[in-house]
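J.: I'd like to ask some things about the structure below.
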Amino acid sequence: MASSLWRRMSLSFSWKCSRMLHSSRCRLSPVHESALVQTAQETKAVEDGSSMFAASLMEPDYFKLSDTFSVQDLFDARVHFGHKVGTLDDRMKAFLYGHRLGVCIFDLDQTRFHLLQALNFVAHIAYRNGVILFVTQDRATMHMVEAAARSVGEYSHCRQWRQGTFTDSTIKFGCQIRHPDLIIMTHTLTSLFEPHEVIAEAAKMAVPVVAVVDSNCNPNLITYPIPGNDDTPITISFYLKLFKLAITRGKEKRKEDNLS
Numbered sequence: 035m036a037s038s039l040w041r042r043m044s045l046s047f048s049w050k051c052s053r054m055l056h057s058s059r060c061r062l063s064p065v066h067e068s069a070l071v072q073t074a075q076e077t078k079a080v081e082d083g084s085s086m087f088a089a090s091l092m093e094p095d096y097f098k099l100s101d102t103f104s105v106q107d108l109f110d111a112r113v114h115f116g117h118k119v120g121t122l123d124d125r126m127k128a129f130l131y132g133h134r135l136g137v138c139i140f141d142l143d144q145t146r147f148h149l150l151q152a153l154n155f156v157a158h159i160a161y162r163n164g165v166i167l168f169v170t171q172d173r174a175t176m177h178m179v180e181a182a183a184r185s186v187g188e189y190s191h192c193r194q195w196r197q198g199t200f201t202d203s204t205i206k207f208g209c210q211i212r213h214p215d216l217i218i219m220t221h222t223l224t225s226l227f228e229p230h231e232v233i234a235e236a237a238k239m240a241v242p243v244v245a246v247v248d249s250n251c252n253p254n255l256i257t258y259p260i261p262g263n264d265d266t267p268i269t270i271s272f273y274l275k276l277f278k279l280a281i282t283r284g285k286e287k288r289k290e291d292n293l294s
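Have a look at this one:
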């Protein structure tokens with residue numbers, strides 16, 4: 035008896051709520067309706083963008099970067115020259131073709147493979163509107179790095195690195211900072227021939243790093259290592275040209291797909 039009465043009361047309450055929801059008094063105001071429509075459109079745009087991002091990952095060369103350079107171009111840019119054999123880091127042996135006159139020589143076929151992987155990753159970050167930070171402490175080429183970053187609308191840090199910039203930002207600056215989505219390095223050693231501190235900090239904070247690693251460098255903490263010469267200005271100019279091209283193509287493709 036009690037359960038039957040409770041059921042009738044529940045049905046009556048549900049019917050009244052349904053009438054109230056459909057009555058004119060419960061209609062949304064034009065402002066609220068506009069907000070709902072805008073939210074729905076934004077949700078659809080996000081879903082469309084996600085599908086575009088997924089489609090771009092299915093193609094190995096979505097940004098057509100494989101034709102931008104060849105092994106001959108690497109040779110002409112002197113990418114194959116490493117350091118003296120006595121300074122060789124054992125972790126770089128797998129990337130060497132051999133040595134000549136006491137100088138390590140890189141296998142340019144491997145260099146091309148790793149460079150193309152790195153460029154594709156850079157382009158995908160730019161395609162997703164990520165923040166890219168160029169980092170170096172090489173005084174001979176820092177002006178080139180700064181100019182390259184500025185030309186594609188990205189950022190650079192070419193001075194002394196403050197330890198804890200990524201890991202202890204609240205202590206250093208009094209607030210949390212926005213970490214970059216990618217770090218690009220043309221030189222992984224400091225002027226004292228020690229690994230740049232940003233590499234370890236980026237690894238701790240899960241920030242990917244694309245970096246040129248010479249024969250005397252440690253590639254272990256680099257997300258996308260590019261084995262090659264990191265000293266000659268003409269070589270650095272060659273790398274920067276390719277990085278700029280990858281970023282530009284990623285941003286242009288973003289505009290073509292109406293994602294910006």
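Take any residue in the sequence shown, note its place counting from 1, add 34, and you have its number in the working numbering. Positions of the beta carbon are idealized from the N, C-alpha and C atoms, including for glycine. Keep in mind the model is a prediction, meaning the values are calculated, not measured.
1. Assuming VAL243 and THR257 form a contact by the criterion Cβ under 8 Å, report the distance between their Cβ atoms to the nearest whole angstrom.
2. Leaving out five residues on either side along the sequence, give the residues of the same chain with a beta carbon under 6 Å from the beta carbon of GLU235.
3. Quick one, which of MET92, GLY116 and ASP107 has its alpha-carbon nearest ASP265's?
4. Quickly, what does DSSP pair TYR189 with across the bridge? List them, please.
5. Who are the near neighbours of SER203 in its chain, counting only those whose CB is closer than 8 Å to its CB and skipping five residues on each side?
6. With H, G and I counted as helix, E and B as strand and the rest as coil, what does DSSP make of VAL246?
7. Is it a yes or a no for the region 180–192 touching the region 143–151, going by three-plus beta-carbon pairs under 8 Å?
8. How is ARG134 classed by DSSP in three states: helix, strand or coil?
9. Give the secondary structure of CYS60 by DSSP, where H, G and I count as helix, E and B as strand, and everything else as coil.
10. Please report the Cβ distance between GLY284 and TYR131, rounded to the nearest whole angstrom; I am assuming they are in contact, meaning their Cβ atoms lie under 8 Å.
11. Cβ of LEU167 within 7 Å of Cβ of ILE233?
T.: In short:
1. 5 Å
2. PHE200 and THR201
3. GLY116
4. LEU167
5. CYS209, GLN210 and ILE211
6. strand
7. no
8. strand
9. Because CYS60 carries a pLDDT of 47, less than 50, the predicted location of this residue cannot be relied on, and no value is offered for it.
10. About 31 Å; that fails the 8 Å criterion.
11. no
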